[in-house]
Amino acid sequence: MDAFDALTRRSFLGGGVAGIGAIAARQLLGHLGAPREPARDRGVVSPRHHAPRAKRVIHLYMAGGPSHLETLDHKPKLRELHGQPMPESFTRGQPIAQLQGQRLTCLGPQHPFARFGESGQEICARFPHIGSVADELAIIRSMKTDQINHDPAHTLFNTGNTNPGRPSMGSWVTYGLGSECDDLPGFVVLTSVGKGGQAQPIAARQWSAGSLPSRFQGVEFRSKGDPVLYVQNPAGVSRAQQRGAVDAIAALNRLHDERVHDPEIATRIAQFEMAFRMQSSVPELADLGAEPQEVLDLYGVKGQDGSFASNCLLARRLAERGVRFVQVYHRAWDHHGGVKRAIDITADEVDRATAALITDLKRRGMLEDTLVMWGGEFGRTPMGQGNGRDHHIRGFSYFLAGGGVKGGVSHGATDELGYHAVEDVVHVRDLHATILHLLGIDHERLSVPFQGLDVRLTGVERARAIRQILA
Amino acid sequence: MPTAEQEQQLAAIDDEIAAVDRVLATETPALHAAQLAWEQQTRAAPPAPPAFGVWRAAGPFTGGGFAEVHKTEFGPERGVDVDEQVDGKPRWIAHPEWADGKAHKLVGGNTAYYLHRTVDVARAQTGTLWFGSDDSIRVWVDGELRLDKQVSRGVAPDQERLDVALEPGRHELLVKIANGSGGFGFFFRGEFARMPDDVLAQLDVPVAQRAEAGRARVAAYHRSITPLLASQRKQKEQLQQRRAQVVDSFAVCIATVATEPAVTRVLRRGDWMDDGGEVVSPGVPSAFGALPDLGRRATRLDLARWLVQPDNPRTARVFVNRLWMRFFGRGIARSLDDFGEQGVPPTHAGLLEFLARGFVDGGWDVRAMVRAMVTSATYRQSSRCSAERPSFDPYNARFSRQARYRHDAEVVRDQALAVSGLLVTELFGRSAKPYQPAGLYQHLNFPKRRYQQDQGEMLWRMSLYTHWQRQYLHPAMAAFDAPSREECTVERARSNTPLQALVLLNDPILVEAARALATRAMREGGDERLRWLFSVVLQRAPSAGELAVLREQLAREQARYAADLDAARALITIGERPAPADLDPRALAAWTGVARVVLSLHETLTRS
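Here the protein sequences come in this chain order: A and B. Using the numbering used here, the letters of the first sequence correspond one by one to residues 419 to 889. Using the numbering used here, the letters of the second sequence correspond one by one to residues 470 to 1077.
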């Protein structure tokens, strides 16, 4: 094989979007070794723009829009005004979803709040486990988004843009940083459904690579049964036979490559190798029986049953194996009616497992370089919708933990009724800038040309990492 | 537009209807006797449709979710006391404004209302209650649950039908309407037999004194209700249904009628409520020039003419560029869907211009353009990269060789089915639902759906006919970059991922195709089965080296299945096509193991 072939093959194996400099650098590395090395992306941000604090992200995505008023944002004044008309000074001219044209009445917090930890952070008492890790959390109480319906709000939260077609943040991160894992994708998505609200659907578009190459798209692992489709051998085919078949395919592909010199063949061989490894790594990943009983109890998991708790444990196992970005969607928070009871139900599904994940990561020494994010696409109105709450975009809450974030701090605030974020307002794009910053990426320097623009996760409007919560 | 056959069918049905009509119009002594008895009875007790009391409503009752509010029993199920007080206020509020036959609005999300009214009946009778609801509905008559439907919809007249038989006396009608989100409301009307006033008036006239017209009117009305003719009326109804079915099956010619075009304004800042923007008329973006000045408002036909007028080169450029992509793997201009400032300039602008000009001058003859492309020296080049001059044109920017790229998702599957003899090439007809992993639709909602796999020939139809569930397309299709169909896709991605390898190795349709291909090799391959199998897939003979790899693969598989007949049987029974009974299962399984390899080769997946 001559130099050119080795060079292109190397660039396909290693770089993906390698520039001339990278190709030259790799040329120095010499001839490619044994072809059983699977494809691994090293990312375009190499070296990092600055020293990273986090290596990976676990995003606990509370889909449907959790009420900040029954989770992280305590508003005693709202309780005082319970049942009275919502002051018009708050709502005049504001976009409103289903409550449009209806009488707007204050609905006081439906659950009490308490102070937790040494930091004394105020969290809804219905979430005592999350409270127990309060000293690890940076709670942002001044989030703001632009979109009042689920799908566009998810699109904005994931891609920084309301229009579908842009890369999602997990794709950006794996594109920027590459993968640390030979036998699993770099960006994995898990979903579960709760019982406390309307289960709004989530479109696979939410983890699309958009204008980035398709290999950066999130791979949805099914939360029950085989996490990856077609991961089991056909009946009657043993693992040794599958190995033999993959080897025979590789041998024939290599013979073909000698004649036609197609760099794509090396990628094909590597991807079959990766697939073969996934056939054992994926079932092994999903085998929660391998966890000690004490860990299962910590999360409150019975087995791999598709629950949020089981997905949290899977997320830790994915992070452990080097997966860069894990999104755990819990479709449960669209509490238009009966928010009191719905929070009871959803807290039971979410509280213990969320705290368990943070605790588990911490005792394994992984929390320091794993960023955990918790929150939804928007919040909910201080006004009641019957005894529920409508969608709300002018103020809501989020928390971050680990990965270079200060613990036990609160950032920003809404007004006294929890309507508008008024202090240290954090737009979704500021959160995006923060995530990238923690990973060692300057959000203004990670872009791809698309439709004549240098497209960035944070878009063209001013975005700033939240310095105050960085450790 | 009926066909001749349909016209004949209609004529036959019309004849039958006429025959029944004749029976229905003919007076007989038996009918006359029955009429007299009926008249006597009716005079003694004239018909009295039920009297409905005023609607009363209780609510709102709210809960955590739509299903919950629909199912939860909030109390009225166990009996209604219209004078009940809650916190010193009446529970039931009268709504005299809720007239029958109209939709009425309720307010709330995840909320239910109960509606109650009395029904007073003087004479036993049957009738129909019609309901509409947004969203779900339950109906109790005298405490008995008669209708229970949890649906999400907007309210419309007559969405639900409830037939009732009411005895004389007072009855209680209770309706529960529950709403998830969005609009909320209900509709009600009752349908009971009532006698036309003119017939009623005639009954008071003694039979002997009735005028001819009145006599005929009463007799005709009686025939329309008498049990003696019930079977004929039923027959006529069925005939009319059959006639309607035939008429419905006509091919329909759809035409729209031109109306005065709406005034179109620029929506300032995209605000559709703002009607103060500048009034605009039909035209083309100014970057493309302008429509010819016709002295009148331009129409769609003007736009169509402008698109193809000979001095407008853009349409032809875009079209030949896409055609070029079909044969050379990429466009002369790489951005197929954007010839504007955000697109990529053509690598061979002169060539693009030459082809576009030729296309227009040749009368937009697609066939001639295809012929020109595929007979060109550029098309007939090898796709091999020159080993001697590797650094020459590494990205094939100059079309110095033919393109090689992975087949589209549909072609990957269809090719495997075709070489194995499974492919069903029948055109037209409904979409097919092939094998698909269970539970794929679990995160679909509004409404929830279940995947019902097809049987038989439908399983092996061309992939073009595979059912598309938007966003939830077949996972094997998705793995090979088929689009989710949320937006128009001119050019698909061509990725190379481990998921593709998993599909090729493990998807049941490909395992079944491998087995069918192995069956063919065993039957048709003669003494050169390996050579036959390889060349039927790749359209070339294998090299000695390739044969050696295949021989080794075959030997490995043979050794394995010689020792395990159950495993062999398990492999060859994947898929619904029965395994041939006359072939040795061990041998067939081993050959299937070879076919799987050949179907998974890079060369198999690649157009080159």
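Every residue gets a Cβ at the ideal spot worked out from N, C-alpha and C, and that includes glycine. No experiment lies behind these values; they were computed from the predicted model shown.
Residue from A:Val719, A:Val678, A:Glu738 and A:Glu841 with nearest C-alpha to A:Leu703 | Shortest Cα-Cα distance from A:Leu703 to any of A:Val719, A:Val678, A:Glu738 and A:Glu841 involves A:Glu738.
Three or more beta-carbon pairs under 8 Å between the segment 769-777 of chain B and the segment 748-760 of chain B, yes or no?
-> yes
Beta carbon proximity, B:Ile1043 to chain A, threshold 8 Å = yes
For chain A, find out if any of its Cβ atoms is closer than 8 Å to the Cβ of B:Asn975; answer yes or no.
-> yes
B:Arg867 (DSSP reduced to helix, strand or coil) = Here B:Arg867 sits in coil by DSSP.
Other residues of its chain near A:Leu871: CB distance less than 7 Å, five sequence neighbours each side excluded | none
Buried or exposed by the 16-neighbour rule on C-beta atoms within 10 Å, applied to B:Ser755 = exposed
Could you work out which residues of chain A lie near B:Glu519, taking near to mean beta carbons separated by less than 8 Å?
-> One detail in the question is off: residue 519 of chain B reads as Pro in this sequence, not Glu. Within chain A, not a single residue places a beta-carbon under 8 Å from that of B:Pro519; the smallest gap is close to 35 Å.
Among A:Pro470, A:Val844 and A:Met696, which one has its Cα closest to the Cα of A:Gln650?
-> A:Met696
Counting only the same chain and skipping the five closest in sequence on each side, list residues whose C-beta sits under 6 Å from that of A:Ile859.
-> Val463, His467 and Gly594
Indicate the three-state DSSP secondary structure (helix, strand or coil) for B:Asn648 in the structure shown.
-> strand
Amino acids of chain B, ordered along the chain, whose beta-carbon sits closer than 8 Å to that of A:Val646 = Chain B residues near A:Val646: Leu968 and Leu971.
Contacts that B:Glu542 makes with chain A (C-beta to C-beta distance below 9 Å) | Ordered by position in chain A, no residue passes the 9 Å Cβ test against B:Glu542, which lies about 16 Å from the chain.
Where B:Arg963 and B:Ala878 are concerned, what is the direct C-alpha to C-alpha distance, given to the nearest angstrom?
-> Cα-Cα distance, rounded: 10 Å.
With DSSP run on the structure shown, which of helix, strand or coil describes A:Ala883?
-> coil
Residue-level contact to chain B via CB, A:Arg444, 8 Å cutoff = Unreliable positioning characterises A:Arg444 in this predicted model, as indicated by a pLDDT of 35, which lies under 50. The coordinate reading is nonetheless provided below. A:Arg444 does not count as touching chain B.
Looking at the structure shown, is B:His585 part of a helix, part of a strand, or coil, going by DSSP?
-> strand
Taking 8 Å as the cut-off, decide whether the C-beta atoms of A:Gly628 and A:Arg584 are in contact.
-> yes
Sequence-distant residues of the same chain with beta carbon closer than 7 Å to B:Ala866, five excluded per side = Thr816
Roughly how many angstroms lie between the CA atoms of B:Thr1075 and B:Cys854, to the nearest whole one?
-> 15 Å
DSSP state of B:Thr597, grouped into three classes?
-> strand
Going by the CB atoms, is the gap between A:Val606 and A:Leu736 shorter than 8 Å?
-> yes
Under 8 Å Cβ to Cβ from B:Ala948, same chain only, skipping five residues before and after it: list those, please.
-> Ala878, Thr966, Leu968, Gln969, Leu971 and Val972
Where does B:Trp833 fall in DSSP's three states?
-> coil
Can a CB atom of chain B be found closer than 8 Å to the CB of A:Gly448?
-> With a pLDDT of only 33 at A:Gly448, under the threshold of 50, the placement of this residue in the model should not be trusted, and no figure is reported.
Between the C-alpha atoms of B:Gln678 and B:Arg607, what's the straight-line distance to the nearest angstrom?
-> Near 52 Å, if we compare the C-alpha coordinates of B:Arg607 and B:Gln678.
Please list, in chain order, all residues of the same chain as B:Trp929 whose beta carbon is under 7 Å from its beta carbon, the five residues on each side excluded.
-> Leu886, Leu891, Leu892 and Val893
Supposed close pair A:Ile558, A:Val844 - CB separation, criterion 8 Å = Confirmed, about 5 Å.
Check whether the Cβ atoms of B:Thr1021 and B:Val1063 sit closer than 8 Å, and answer yes or no.
-> Position check: residue 1021 of chain B holds Glu in this sequence, whereas Thr was assumed. Their beta carbons are not under 8 Å apart, which means B:Glu1021 does not touch B:Val1063 by this criterion.
Can you find a C-beta in chain B that's less than 8 Å from the C-beta of A:Ala621?
-> yes
Which partner residues does A:Gln803 have in the DSSP bridge list?
-> A:Gly806
Indicate the three-state DSSP secondary structure (helix, strand or coil) for B:Thr1042 in the structure shown.
-> coil
Would you decide whether B:Cys722 is buried or exposed? Buried here means 16 or more other CB atoms lie within 10 Å of its CB.
-> exposed
With burial defined as no fewer than 16 other Cβ atoms inside 10 Å of the residue's Cβ, what is the status of B:Thr1061: buried or exposed?
-> buried
Excluding five sequence neighbours on each side, which residues of the same chain lie with their C-beta closer than 8 Å to the C-beta of B:Arg919?
-> Tyr910
Taking 8 Å as the CB-CB cut-off, is A:Gly612 touching chain B?
-> It does not: the Cβ of A:Gly612 has no partner Cβ on chain B nearer than 8 Å.
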